[in-house]
Each structure stands twice: as C-alpha cells, then as structure tokens.
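Read through the structure below, which is laid out as structure tokens, and then see the notes.
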Amino acid sequence: MDNLRAILKKKNNGNFLKFVIQKQNDFYAACVVIKEINGYINLALSPNLDKLSPTVLLHWIEKANIKNWSPILNLQLHKFLGVR
183 MDNLRAILKK KNNGNFLKFV IQKQNDFYAA CVVIKEINGY INLALSPNLD
233 KLSPTVLLHW IEKANIKNWS PILNLQLHKF LGVR
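Okay, structure coming up:
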C-alpha cells in the first residue's frame, strides 16, 4: 500500500491500478481501495474468467456506485479467443 500511496502523490500520471476479481469478496476489497484513492489513478477491474463472468462483474460495478471514478471493465481478448 505504501507504493500505491507514493504513486498517488503524483496524481493521475497515466498509471492504471488493475484488480483481478475472482469472487465478490475480492470486489468488496477492491472497492475499499478504490474509495480510499478517490479517483487519483485510472482503474481497471478484470474478471478471472475461470471463476467470474464479465456480466456479473459489470453488475457489481453498477450496484457499488463506483462509476464516478470511471473504472474500466478490463477483458483480455486473447482469453476470449482461446489464445493462452
């Protein structure tokens, strides 16, 4: 968390903070961090496709009211295409 705070002191310098979400508890933990950093960095939320559908993650994002911080729903195209 100290490294994250150091990055945040620079405000939004083009960096992304990416959270890979497998279950709802992961999402809730990410929301705590997202609310703490309060929009100072670009956010990407990515479902672990073996454990969570993108549709479910999108639903959680909409319900959690974190859209103000414009999180990106990150989908790794190579996984949809079967390239690993």
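Numbered per this note's numbering, the sequence shown spans residues 183 to 266.
Each residue gets a CB set at the ideal place from its N, CA and C atoms; glycine is no exception.
Residue state for residue 253 is assigned as coil, using DSSP reduced to three classes. Pairing residue 226 with residue 200 gives a Cβ-Cβ distance under 7 Å. Within its own chain, no residue has a Cβ closer than 7 Å to the Cβ of residue 238 once the five positions on either side in sequence are excluded. Around the beta carbon of residue 209, 16 or more other beta carbons lie within 10 angstroms, which makes this residue buried. Under the three-state reduction of DSSP output, residue 233 falls in the coil class, being neither helix nor strand.
Beta bridge pairing from DSSP links residue 203 with 229.
The Cβ atoms of residue 230 and residue 202 lie closer than 7 Å to each other. Among the bridge pairs identified by DSSP, residue 198 is matched with 224.
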